[in-house]
Every structure is written in C-alpha cells, then in structure tokens.
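Number of protein chains: 4
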Amino acid sequence: MENEANDDPVTPAARHAPSVRERLGAMLERGVDAFAPWGARRTLRELQHVLDPAVSEVEGGRRAAGVAGWYARATPEQRRDCWLLMSEQFTPDASAIEAARDAYEAARGTDEESRAEVRLRRAFTAPRTRLLQRFSAFPEGVRFLVDLRAELLPHLKGDKRLLALDAELEELFSTWFDVGFLDLRRISWDSPASLIEKLIRYEAVHDIRSWADAKNRLDEDRRCYGFFHPRMAGEPLIFVEVALLRDMAAGIEPLLDEEAAPADLDKATAAIFYSISSTQPGLKGVSFGDALIKRVVETLRGEFPRLKLFATLSPIPGLRAWLGKNAAALLEATPARARQALAREMALPAVTAPELLAALDGAAGLPEKSLCAHWLLGAAAQYLGRELAGDGRPRDAVARFHLGNGARVERLNWLADPSPKGLKQSYGLMVNYLYDLKRLDRHRAQLARGEIPVSGAVEGLLAS
Amino acid sequence: MENEANDDPVTPAARHAPSVRERLGAMLERGVDAFAPWGARRTLRELQHVLDPAVSEVEGGRRAAGVAGWYARATPEQRRDCWLLMSEQFTPDASAIEAARDAYEAARGTDEESRAEVRLRRAFTAPRTRLLQRFSAFPEGVRFLVDLRAELLPHLKGDKRLLALDAELEELFSTWFDVGFLDLRRISWDSPASLIEKLIRYEAVHDIRSWADAKNRLDEDRRCYGFFHPRMAGEPLIFVEVALLRDMAAGIEPLLDEEAAPADLDKATAAIFYSISSTQPGLKGVSFGDALIKRVVETLRGEFPRLKLFATLSPIPGLRAWLGKNAAALLEATPARARQALAREMALPAVTAPELLAALDGAAGLPEKSLCAHWLLGAAAQYLGRELAGDGRPRDAVARFHLGNGARVERLNWLADPSPKGLKQSYGLMVNYLYDLKRLDRHRAQLARGEIPVSGAVEGLLAS
Amino acid sequence: MENEANDDPVTPAARHAPSVRERLGAMLERGVDAFAPWGARRTLRELQHVLDPAVSEVEGGRRAAGVAGWYARATPEQRRDCWLLMSEQFTPDASAIEAARDAYEAARGTDEESRAEVRLRRAFTAPRTRLLQRFSAFPEGVRFLVDLRAELLPHLKGDKRLLALDAELEELFSTWFDVGFLDLRRISWDSPASLIEKLIRYEAVHDIRSWADAKNRLDEDRRCYGFFHPRMAGEPLIFVEVALLRDMAAGIEPLLDEEAAPADLDKATAAIFYSISSTQPGLKGVSFGDALIKRVVETLRGEFPRLKLFATLSPIPGLRAWLGKNAAALLEATPARARQALAREMALPAVTAPELLAALDGAAGLPEKSLCAHWLLGAAAQYLGRELAGDGRPRDAVARFHLGNGARVERLNWLADPSPKGLKQSYGLMVNYLYDLKRLDRHRAQLARGEIPVSGAVEGLLAS
Amino acid sequence: MENEANDDPVTPAARHAPSVRERLGAMLERGVDAFAPWGARRTLRELQHVLDPAVSEVEGGRRAAGVAGWYARATPEQRRDCWLLMSEQFTPDASAIEAARDAYEAARGTDEESRAEVRLRRAFTAPRTRLLQRFSAFPEGVRFLVDLRAELLPHLKGDKRLLALDAELEELFSTWFDVGFLDLRRISWDSPASLIEKLIRYEAVHDIRSWADAKNRLDEDRRCYGFFHPRMAGEPLIFVEVALLRDMAAGIEPLLDEEAAPADLDKATAAIFYSISSTQPGLKGVSFGDALIKRVVETLRGEFPRLKLFATLSPIPGLRAWLGKNAAALLEATPARARQALAREMALPAVTAPELLAALDGAAGLPEKSLCAHWLLGAAAQYLGRELAGDGRPRDAVARFHLGNGARVERLNWLADPSPKGLKQSYGLMVNYLYDLKRLDRHRAQLARGEIPVSGAVEGLLAS
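Chains as they are written, first to last, in our numbering: chain F, 1 to 464; chain Y, 465 to 928; chain D, 929 to 1392; chain E, 1393 to 1856.
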C-alpha cells in the first residue's frame, strides 16, 4: 500500500522508471564523440572543472551538463567510480574546519559567537555541496541527480564510503523538494495521456490493469491529486486516489469495479483514500505524504462542504509475516475456553499454531462470524493496535505512515481485498485509518507516548 | 546603475517596498485579538512551538504563519527581540558537535569516515535552519523571510549577534533562489499593469518618470526580461532593459526619448543593456545578474539571429568621488607639456587639482575634443581600467559587476548622460561594457590575475 | 453615460481608435510596392478575384488579405469607391430570384414548399455575403471589417447606395458577435497594461483621467468586466465598471475619489454599475449590453452571495435639451400656488420659463430642499418616467437602454455629478436604475404596453 | 479514407457519439418533473415562447435551454414533431415578402435599390433563424443543435418537409463554424486522455486498435492536428494524422507498426497525411478539410524547414465497386495481345470479366510485376485519373476531396493496405495524392475544365 511508508528503497516503480541513459538520450546523440570512455582520473578532472573557481556559475552549469551527458553513457563501473569520487574527493577541508572550530570555541559567550558560528558553518560546507548544486543549472539537472540517487541507493549497504554522497543528496533534496515548493494538482481524465500513463506505471498499491481501469479511478465520483515540482514537470512525485462515498469503504472491489455506476456526488459525505504511491525512489527520506493528505483534505472540504469523514482503506502488508512468528504466543494467550471452541469449529482435538495458520489460508472462505475469523481479527487488532517496532513507531509499514500523520486505527474489514496479493499479505483483511481533523495532533502526541490510538470497535476486538 | 553591484544593502527600492506589515495586513485583520502584545518570553515560546517535535510539519507551518501574523503587527523593539531570539536561541548543540567531531577525527581515513562526516554535518545543523524552513510552508512565508531580512540588514553593523541569523537566511535563500529554479519571463506592454507598476517603482538606474516612459521602454524595439520565483509570483527579483539598435549606444537620452520612432528590428545588430535593477534588498548576496544577462543573450540570439554585438551602456557611479581623492596625483603624473596646454586652455598660469575639479564641473559644456575633456576621459579610463579595490576586484561598483561576469571595458562616451544625476556622479560620462561571448571566461581569468580587460580604444586613452 | 444606448454612430471612442491604416501598418511595410494606386476598375477586379470560383477558399482568403493591405494605404476616395463597389456590384442575381420565387409560390402548401424555400433563400444570398465572409479567413480580417464599417457609418446618411453594404455587415456581425460566442472576462489591475490603456481610451461615461484613476476603478472593492471576441483578442467590445457598496450610490464623486479607502467587501450588499462603455462603433446595432449586465450580475452573485441590490448610477444625458423645449409647458402644468412659492423663492414677481431655466443653471448651488430643486426633480421624474419617443421607447438614450433591459427608474439624486459635463447635461442630477432580478420581464412587458416602470419614490415626485 | 469526402451523412462516428440524451443528462436530473410528456401543441407553444418578443434575448436563451432539456428526454416521435414544427411553423411571412419584393422591383436602378434590398432580405429572414440562434445563448446550445442535425439527417430523404430546417441549420453552421473561427491545435501524447479517447472513437480511416496504437500515432515522428471550436471545447471537429518520413510512403503497415522505431526527424523531408477524419455528422456540408490540410502544411513548414514533399497515403474506397461494373468494358478495351498474355498467366484459354474479377480477389498474393497486377494498376489509374461523376467531380469519394483541394494523383501503390478492409475495397491498392504547393490552384483550374491532374507515372499506366 502506501509505499510512502516503504522501508525498502527500491519500490516497484524503480524497476519501470526510464533510466538516466534513456532520459539523456538526446543529449548523447550529439555528443557521442565528445565523450570517449573516461578513466576515473578523467572523471575526477571533469568534476573538478565543474567547480573551477575561474569560471562563472553559468559556465560551471554547462560543464555539469557535460558530465551528465557522459554519465548517461557510462558503464556501471564508471558510474560507481563517479559516485566514489563525488563522495570522497569533495570533502570539507580538515584544517580549515579545525581553525574555524577553535575560533568558535574561543568566541562562545562573546559578541563574536554569532560571526564565529557563521565561519564554522562555511568551513564545513563541503565542496560537494557546491558541486551538486551546479547540476541544478541545466534543465534536466535536477532529474539527473534524483535518478542518480535512485541508482546509488541499493549500493549503500555494501559500500559505506557512499554514505556522504547519499546524505548530501538527501539534504539537498529536502530543501529543493520542500513541500512549500510543490504544486498540488488534480489529475483527471482530462489530464495528459502521458501523465496518466505514468499513473498506471507508478501505482504501487492496487495495480491499474488498463486504461479503462485508470478512467474508472478518475471518474466523476473520484479525485486524484499529485504533488509536482517545477523542475520535474509532468512527473507526479506522489499521488493519492480518493473515492467520494456515503460511508466508510469496507472493501476494495467495489472501488475498482469499472462497471459500477459512479456514486452520487451530492450525497457523498465520506472521502476514502484508497491508494497512495510515491514515485521517485531517489527522493527517499524526503517526506510528502503527510502534507499531501492534509492539503487534499483541505481542497476536498472546499469543493464538497458536506464531507464529514476522511479515512483510508489500507492494506496490512506485514500481517502474515508477523503472524507467522507470533501465532503460537497469541494462541497461548487465548483463553482455554475460546481455544476449545476454535478446535471444535476446526474439527480438531486441539489447535496448534501451524494448524491454525494453515486454516487461516482458507479463511477468506469462512463467514465473518466464524470463530476462526474472529480470532484472526483479534490478532490483526493486536498487530495494528499494540505492536511497536524498536524505534517506538508502529511495526506495520502502512500503519507507521498513517498513524505518524495523526490518524487512528478505525476499523478492520473482513474479506476486503480478495485478490491474490490481498490474501497473501493479510488473509484478505484491510483496515481503515481515520483522519479526525480535530485530533490529529492529539493522536500524534499519544503515539509519541507509545500508545497507538484506536477506535472503540478496535478496542473491543483487543479486549475480547 | 546596476544596483546588482550595489554594496549598500538598502537600495532605493527598499524605501518604497510595501512593508511586511502591509503585506500581511489581511492576516492581521482577523487575528487582532489573538495576538496581544508579546514580551520576548512569549515570542521565544511561540518560536519553540513552531519546532515542537510532537507536531507534524504541516502543523509547524501553521504555527509559523501565526508568528508571521504577530510579527506584522509587532513594534520595532519586538521585532528586534525576535531576531535576537532566532539568532541566539536556536544554535547548534555544542556537546553534540563535540562528540560528532571526535568521532569524525577518529574515523578519518577509514571506511567509516563517510558516515562520520554525515553525522558531524547533522550535529551542526542548527535548529535555526529547521525553524526558518517551517516558514516556507505557508503561501506568504518565503516573502515574509525575504522582507524580514531586508529589515534586518541595516542593523547588522550595529549588532554582531544578528550575523548568524543573517548568514542562515542567506544560505537558505541561496538554495531556494538558485537561478535554476527561477523563471525568465519577458515583460512587455502586455504584462499586467501591477507588474509594470513594480518596474516603475524598482527601476534604480534611470528613473521611470511616467507610464508613457514605461511604455517606451517596453516598445517593440525593446526587450525587458526579469527573473521570477514560483513562490513570489508577480514579483520580479531582478530585471534588465535592452534596446535593439544598429550600433553600440553612445548616450542614454535617445533611449529614453518617448517621442523617438522605434528602431527597425530587421536591421538591429546590437543589443544594448541599458539598465539592470535588482529589487529585493533581502536577497543580498544571492546573485542573479550574471545568469540573467547570459540567459537573456541566449534568448535574444534565438529571436534575432542577426544580433552580433552585446554590450551595456552603464553609469560610472564612483568616478567623481574617486577623482576627488586622486586628481592631484593624476595631475602629477600628467606630462608637463600636457599640463601646460591644459593651463592654456583654461586660461590659467598653471593647473592645480582644485581648479581642475572646479573646471570639470562645467565639463559637460566643453567639446569632446577639448584638452580638459581629453584629460577627464583619460582619468576615467584609469579609474575603470586600472583601479582595483582591496579585495582585488574593480573599484567601481558597476564595473565590478560586469567585469566579474566576464565583460570588458569597451568605450567611454562623452556627454552620454547629461541628467543632474549623470553629471553629478560622473561628469556626464558613461561606459560600454562589451560581452564578447567567446571571451567571457578568458576575461574572467585575466581579471582573476589582477588585470582588467579593456578594448584597444580604452588602452589608447590610458597610454596617452 | 452608457453609450451602448447612443444613437450617434460615432462615439467618442471612434475618434481615438487606431485606424485601419495603423493596424495594418506592418502588412503595408512589406507590400508597399505591391500595391500601387488602384483605380476603381482595378479595385473591382481584385474584389472579383477574391470570389473567383476557380480558387479554393483558402486562396480566396489570401486574396482578401491582399485587398485589406491595399485598403490600409488607400485614399479616402479609393475607399469610398471600394464601398460602393462592394454595395452595388455584388448584389443578388435578379433573374435567379425571380425563378426561385415563382417556384416557391407554386410549391406553397405542398410537400415541396420546404425545398423551394431553401432554394429561394439561396438565390437571395448576395455574392456580397460570400465576399465579406472571405475576410474572416485571415487573422486581422474580422477587425478589418469592423473598422471598415466604423469608417463607413458616417457616410450612410449622405449616400443611400451604401445601405446594402452596411446592412450586410450588420447581419454578419450579428452572427459572428452573437453573445453566445463572446468571453466574459474580469479586468483588474493584474490585466495587461495594454488592455487598461484601452479602458482609459474607451471610457465614455466618466473620463479616466490617469493611471491612478484607472487603478482606483480596478481596486479590490470594484469589479470591471468586459466581453471579448476570440478573433479580436485583447479588445474589449464593451465593459462595465461596478462598485461594491453597502447602499445604493447617491453620487459619483466618492466612487471616483482615488484617495478614498476601499469599501469593506465583507459588508457589501449592493452592486452599483456606474459606467458602461461600448468600444466599437463598427458594431453598431449588435447588442451586448443587456447580456453583459445579466452575466455580470450572475458572476457577482456567485462570488458575493450577500449581494442583494443591483442598480446603476447613471447620467441623464438628454435632460437639459428636453427641458429647454418643455419648460414652459411644465411650468404651465405646475399648480398656481406652487408657481407662486417658486417665484417668492426666486424673488421674482412671477416665474417664466426662461427665468426658471436661467435659475436652474445655478441650481447645483441650491439646497435639495429648495423649491427650485424640487421643481427640477419633478421635471426629471417626468422626463424619465413618462416621456416616450416616437418608437414607443423611452426618450432618454440611457433610460432606453436600461429600461429596455427590464430595469426601473428607482431614484433621482440631487447634486450627484457636479462635474462640468454633469452640470451641463442634467444640472448635476443622476439616476439609479434598479435591476430587480425577479421582475425584469414583468417590467419589460409593462414598458411594451407604453408604461415606464418607476419606484414609489419617483411616483411620488410625479404626483407632487 | 478521408470521410471528409463521405457522401453518406451518417459516418461510423455517429454510431458511437454520445447522444443528446447523454450529454444533457445532468440538465435532466433536475428538471424531471418540470418536463412532463408534451404533445405537439405544447411543443409548439414552448418554441413560440423562446421567440416571445416581450422577453429579452437572455430570457429567450434560458427558454431555449429549457426546450433542450425536454428534448433530451423526448421520445423519437416527440423529436420528429419538434423538427416538423421548427421547419414548418417558423417560415417567413409570405405577405411581407410580397410587399418587400414589389418595393425592391420598383427601386431597381434607383438610389433606393440598396435600402430596398435590405428590406427584402429582412422580410425573408425566417423566424426560424432567430429561433435557432437563441440556442447559442446557453453553454451546451451549439452542441445541442449539431447533435440535433446529426439525428435529423437520416430522415431527410423520407420527409422533404424537413429540408428547410436542415438548410437553415447548415447555413447557421457555415457561419458559426467558419474556419476563420476555428482553432488549429496539435494533438499529442501530452493531450488530455479524454481527447485521445475521442480520437480512438472517431478515427474513420484506419481503426485505432488500442492506446498503444494511439501512442504510436502521436509519437515524436508524427504530428496530429485538429480543428476545434470555442463553443465545443475538447471536441475535435476534424483531425489529420501525419507521418514525417524521408520519402513518400508506399504502404500503411509500417506507419501503424507500434514496434517500429520512430523516424529521424532531422532527416525527414516528406510529410505524409495518412488519415483524415471528420467527427461531427451534424456539420455535414460545412467544409474544413481543405483549410485543415493547408494550415497544417504551413505549420509543418514552420517547424521543419527541410520538408519538401507533402502528400497523402490514401485508400481508394470505390475501386472494387466501380470495377465490378466496368471490368468487361475495360477488358474489351485491352489490346488483344495483352489479353492473351493475361490468359496465359492465368492458365486460361481466354479471360472473361468474371474470371478476372475472381482472380483479382487473390491479387494481393501476386507479385507486382505480374500481368494481372499490371492490369489492375492500369484499371485503378483509369478510375482515379479519368473517371468523373455526373457533377463533373472525380468519382471516387476520397479523390474528390483531395483533387478538389488542388492535389494530383501521384502514385499507385501495390499491396499497400493488406488489411481485410483494404483488400475488400481496393484489392490492397492505395494511392498518394501530391500537394504541390505551387500548383494547387493550377490543378484546381485543370480539374474545373474536366481534366484530372495526374503525375507522369500515372500517365504512363494510363498509356500502357
């Protein structure tokens, strides 16, 4: 679901995204001869030329474009060399830092402290910062850096030397892609086909199967919004799909049914966010989702004053894996009487974790009122409403995102996503997270104290 | 002229610019009661609330907007308190820096160096940075900070404690207002009246006297371009006025003559930049002028392939002041024979510096071929073609800008600006700086070696 | 005032409008040699070439552009020849009409009537129609015809042979400029300076004296809307200026006062239309005003739901002239007692019409409660509330326009326009016409019966 | 191919177009009760109300919208009644025509002729014209009339009484949709998906099979342009697909191959128009195609100065049908020797028309050099290069369109469209029509003399 919350840096989108090579193709066509294979030494020299103090920023930018052109045609080894050079050769000047630091310590508490702090900061600004900034000067430069980082990310675990480059890029992107500088735009069936094609490619929660599927999701009873950056025109950085309904949605199928008649907008009182996808792996660590949801809520309230309920219909991607590890303990904690009833229902003398897990694989076929279903709903409530990871944040990736935004766990839905993916990750269960606009910050504070906010209904499942 | 190059932080524009108070007026109207007078203590608390880790960035932005609303109504003293608090209370955590620095030193040369550098950087990022970034979240926030700095700048000399805030703002603006993120737009008579009204207000070189004057400068044989930022819509950050002519312009009057027929565009071969004005004192230190000129040159070449010559017609703002101090020495260095001829022309037994300076005040009335004029032109050539300030850059503020961009001193023009201002600052002289596109970087390198690039003609004046 | 209603074909705007010659100037610059002076014979041939059945419409359009280029340089005599040729040489084919008419008569009442009607219509379509339509094919062509008619109109009275051309143009324009094809656009201080310059030039009711005056009329408490045609981009065909107030306006001065603070929009309940100007004399007979007012009312109601009152503040251009002719009769109809009181106030033994008229010239200086003022208000009520012209429509040109739209005479305002123009045409009086949205058609019906709808207050003046 | 030239009023597009009923659906939802079933009497009354002289045009337009709302829900019988009423009840006033005609005859040759002509025209303007014009006043009105005519057209043959309404609509549309008032817009992959969906639906020459097919036709080496009307936003009235190639295209398959790499734009010298589709059956008789092609040619020449050849790749829709009737005569005219050779190739003692036609059905499998192929090419050359219909225009519908525009028959292509449709209508043959920009009018003149312009190559086929 919301891959906003995804900890894996390479989202599915990354696999389809056109490579730097493709994007800079035109640039290459013309410069083929100009960029014969470079060794690392030449690469270093060219990078240094970009920063040559004797040339203007304008010329520096032109040189950066030249490097980008070469990069587009470089081999994986050459690219890796380039990253290492960027990371290791453009570090701050140690002796300058030393001197500035001493001056700062000396100035502490005096009128000079402020000036000394400024100097220390400057000493610390790595040439790498200026090097990377030069790439903003040409039209495709911002995208070049975003793509470069997307390519770099999977190599970080294996090579710590690249961390400085990665951190520098993340910091740069945090400023460049500050949500204040993004445009919120509605995406509709009247949007460019090239943009809708990207939606189809990037959708990471519920695959868009066809143009007719896309059209259904952009129908008059739906809304889709994305954030765009002026320097990456036509590229949605993140987008959310919303259905306008009369009630909180209990399952995904009616929303994806292309044949279903559009809902009556005049009667809609609920806005259901049923898919959020971020599209640029290279922007990992730069957070848009919270702001997107809140600005979309504002926009929708302006257009539809009757809306009263804002909630998601979300997958529970980590449920099965968690249950695999914790079923035995959960079963242990189940009162003996309930366990016996469960065994009767399953026509077994007694229930063990493996048997239960095996039975749950067929759970989608069971009525919601069965004991087995009831046990699974209780386990899911436990998973979402109680389980925190080591960092004190919710364990489930999607829960982490929405609860972090100030939502609460509102309702568990039986047989809400009977697709193979839905059955596989969460036995077909889905969850609604409620955005209660008046309590967002209260919920965040509650979560900060280690307590996950849940509705009375979910509380009931936990108690039973 | 080009106030781009102005060292005085408060340009004339600053005096006319609507204050923060005016701009946030609407915000105020509603919040009057909410913001009763604050003491410094309350100001600090509100600033800390903006950064409260328990609230989302979205909520933090809302709180920043609240602070901006209060600020618009605050007294000068309250504002000053606010600056000091921002500068002094949101500094980096000294002990965290200490620890990170030790770890960095220890990691030098190992695989961990890169990660340690990242941590040191983070330790060093002052809370002030995050505080200021929160102001980008609401629509008027960027402008709020730019205006705040414009107000702050004149106080820096008197209070060094404010330097850290100033430096932080400058660094933030350098990234936000990176020329890569600016839009180059043509300003014409079809542009919004509200924009042209700003042109009239901001023009800092040759005052725009009326709407008819503005129309003349936007006529079909002229071009005017400005840089705009997406978050300061409708506000030109800097703009340049260009005349398309058949030759290099020798005087400003024909260009400002509203009655003159427009030049024939089909025959234009020269683009003359006759006025550049930057408009936001709060963006001091963020440089746009070089990029503006170069992008305008590119744009013009695309539209008018016949253009061959790109040059300015510029004032020499520092000539009179410099001559006041150096006339005696210059006279000393003048060959005796020439001095005697000069004395004869002036009907004096011998020439002294005071007498010469007095005579020059009436120089505009003299023919260009007079000895007095000749001496003045030579002195001006000396001033522009030889004089460097202590920082190794040209002494004249406008020369500093254009030569720094890679232009050269091309031609001195007698009686080129007979306006009172022109007579007062430079005895009516003006200068053309030539932008020879193929030699910009060569000229910059020459200048970096301490040698000012000049044309043969100016060389001739220097030799005589 | 509303020159919409002006019967004189040449509005003040016509005098300032750039001539066809100016507008097609560029076209001329290049074609100077191509269009040596033509005699009428050559003109006829060129016009016939435009209609040459052997060439495509596209080529015909190109030839029409050629004629327009020639016309721009032609002498007044050549132009007049051109009009006559267009009017007299491209008439319907008489024998074809004859035949078609006979066939039509024969087909009356049979199944063939419909087809016969079609044939008769076609026979009747003059080649002139097709000739003029060819001018729509090139970008400036529509404007060319509109300008041509503006030039033609003043000659109609003197030369009846031109009536056919004029009627053909009017009919063509009625279709082309059908209000359904016009764009309603708001004009604000953010509109192009070139457009606001046109507003200044075209304003026909209360002269715009300066750019500051224009800005005041486009301030936040005002609205200005115009109709535009896609083929005359940047040219408002008609525009209306509206003030948003708390009450019906009683005088024009507060509205034109540049120093006055803007009204509080949140409290505005009245929209006062204080100036309507149509700009294209060449579109005489094509009516926009009614639709403009009604669409503006709709637009305003959407933006400001609190608005309850829609009215004008209008001049009474014909009052003085009418009074000049009718003062004696009115005086005659005044009860003797009232006449005596009037004489006492004027310190005369008895009042005669000439004396009264002379006194009224100084009436603006009198208090509203004076008998003289009262008599004048009664006379104005009579003029506006009772006087119909020979065609059964109100006598006053402005009244004719608003009452024709369904408004009613609401209130007379004493000393409402003390400008020389206001004093001269109506002794400083102005009138409000009320647009009561629920009664527009009822009022139109009433007027169609020969009865002018007036308010109770005006009825009171009439009765007294 | 180009259904521009289609004589059948109902193009395939008509079958898919959303009906009036669908388009006005929203209008209906609200007015359901207001429009109970009407009898013809009530319909007549409502139509008369639209024209009520007592109401303003604005109110008349509102009433017209009401009629349109009713119509959307009306039964086929009610609609037919409505057409008849419009056609028969709003005819010109016979006695007024009579009087005006007499006056006109009397004025012939006098100064009054012009005025009399005007009056006669006015007398002749049927109330029907004004009735229909009222429908332009509301946003969907123009489309309403276009759709109404599309529905009406198939009934014309069966009911001559409707001809007047049809003629009136055609005349109105000729003015409203004058090409001078249309916008030429490029359609690309960046155009709205909703527009590309229409392209897919309307394409009438070579079906667009999928979104990938559409994308291929909008690829970087293609251009697609359409004409749009301001009052039918988002609706292409006609569009043309162009491939930019190095040579004249000889077959359609490479152009429709989605896998083929895009052609190199820098080397393109030929623009091939391979599909033109008009989309609105209701605009029958209003001609856009000629202007579209010529404006597209201009646009392309501006963008690609290297283009030298402008031609079509067109189907020959009428070939098979014509050959069915004329094969015997053609065979007769074939020299005996050639006939014998043909018989040998076909392994028959002698060739008869039925045998030949049967053989031709398998002709696509034959080599181009076979005698059978040669005979067929000769026959096609005869069909396209010699055959005129009764009206003196080319017999083939597509030839009629392009030759009428001034193109010539350039080249016949063997096995150029092996699709079932291509084989069925023309044995797989296609033809290039060449637009030689310098000879368009010469060719038109030649055609007007009854001589079809053909290339030397086609002349060769005719001679052989």
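Glycine included, each C-beta is placed from N, C-alpha and C at the ideal position.
Computed from a prediction, not measured in an experiment: that's the story for all the values here.
Whole-angstrom C-beta distance between residue j and residue i, which should lie under 8 Å
i	j	result
residue 56 of chain F	residue 870 of chain Y	6 Å
residue 316 of chain F	residue 425 of chain F	7 Å
residue 1716 of chain E	residue 1752 of chain E	In fact, because the Cβ distance is near 10 Å, the residues do not count as touching under 8 Å.
residue 648 of chain Y	residue 506 of chain Y	Not really, about 44 Å apart at Cβ, beyond 8 Å.
residue 1089 of chain D	residue 1138 of chain D	About 45 Å; that fails the 8 Å criterion.
residue 1456 of chain E	residue 1518 of chain E	Between residue 1518 of chain E and residue 1456 of chain E the Cβ distance is about 16 Å, and since that is not below 8 Å, they are no contact.
residue 1918 of chain E	residue 1847 of chain E	Only positions 1393 to 1856 of chain E appear in this structure, which leaves residue 1918 of chain E out of reach.
residue 1394 of chain D	residue 1007 of chain D	Shown here, chain D extends from 929 to 1392; a query on residue 1394 of chain D therefore has no answer.
residue 1844 of chain E	residue 1777 of chain E	5 Å
Burial state of residue i, where buried means 16 or more other Cβ atoms lie within 10 Å
i	result
residue 1852 of chain E	exposed
residue 1758 of chain E	buried
residue 158 of chain F	exposed
residue 855 of chain Y	exposed
residue 630 of chain Y	buried
residue 922 of chain D	Any answer about residue 922 of chain D is impossible in this case: the structure gives chain D only from 929 up to 1392.
Contact test: residue i Cβ vs the ligand ZN heavy atom, cutoff 7 Å
i	result
residue 1036 of chain D	No copy of the ligand ZN appears in this structure; indeed no ligand is present at all.
Enclosing alpha helix (DSSP H) for residue i [first to last residue]
i	result
residue 226 of chain F	Premise fails: residue 226 of chain F lies in the beta strand (DSSP E), 222 to 228, not in any alpha helix (DSSP H).
residue 550 of chain Y	540 to 552
Contact set between residue i and chain B, taken where Cβ atoms lie within less than 8 Å
i	result
residue 1525 of chain E	This model lacks chain B altogether; the protein chains it does include are F, Y, D and E.
Range covered by the beta strand (DSSP E) that runs through residue i
i	result
residue 213 of chain F	Looking at the DSSP string, residue 213 of chain F is not in any beta strand (DSSP E); the run it does join, the alpha helix (DSSP H), is 211 to 217.
residue 52 of chain F	Element bounds for residue 52 of chain F: n/a, residue is neither H nor E.
residue 730 of chain Y	Run containing residue 730 of chain Y: none; DSSP gives neither H nor E here.
Using a Cβ cut-off of 9 Å, which residues of the region 1579 to 1601 of chain E contact any Cβ in chain F, in chain order? Residues passing the 9 Å Cβ filter: 1580, 1581, 1582, 1583, 1584, 1585, 1586, 1587, 1588 and 1589.
Output, in sequence order along the chain, the residues in the region 277 to 298 of chain F whose CB is closer than 7 Å to any CB in chain Y. Here the close residues are 290, 291 and 294.
Could you tell me whether the region 1801 to 1808 of chain E touches the region 1677 to 1688 of chain E, using the rule of 3 or more Cβ pairs below 8 Å? Because the criterion of three Cβ pairs below 8 Å is not met, the region 1801 to 1808 of chain E and the region 1677 to 1688 of chain E do not touch.
Quick test of the definition: if touching needs 3 or more C-beta pairs under 8 Å, does the region 766 to 786 of chain Y touch the region 724 to 735 of chain Y? Taking a contact to require three or more Cβ pairs closer than 8 Å, the region 766 to 786 of chain Y and the region 724 to 735 of chain Y qualify as touching.
Which residues, in order along the region 1256 to 1276 of chain D, keep a beta-carbon less than 9 Å from a beta-carbon of chain E? Across the region 1256 to 1276 of chain D, no CB contact with chain E closer than 9 Å is found for any residue.
Meets three-Cβ-pair contact criterion under 8 Å: the region 1490 to 1499 of chain E and the region 1508 to 1526 of chain E: Result yes; three or more Cβ-Cβ pairs closer than 8 Å.
Counting pairs of beta carbons, one from the region 1579 to 1587 of chain E and one from the region 184 to 196 of chain F, are three or more of them closer than 8 Å? Yes, the region 1579 to 1587 of chain E touches the region 184 to 196 of chain F.
Can you pull out the residues from the region 1840 to 1852 of chain E whose beta carbon lies closer than 9 Å to at least one beta carbon of chain D? Of all residues in the region 1840 to 1852 of chain E, only 1840 come within less than 9 Å of chain D when Cβ atoms are compared, listed by chain position.
Three or more C-beta pairs closer than 8 Å, one from the region 1627 to 1643 of chain E and one from the region 1591 to 1609 of chain E: is that the case here? With the cut-off at 8 Å, the region 1627 to 1643 of chain E and the region 1591 to 1609 of chain E touch.
May I ask you to list, following chain order, the residues of the region 1005 to 1024 of chain D that have a beta carbon less than 8 Å from some beta carbon of chain E? Result list: 1015, 1016, 1019, 1020 and 1022.
Compile a chain-ordered list of the residues in the region 1540 to 1560 of chain E whose CB is closer than 9 Å to at least one CB of chain D. Residues passing the 9 Å Cβ filter: 1551, 1552, 1553, 1554, 1555, 1556, 1557, 1558, 1559 and 1560.
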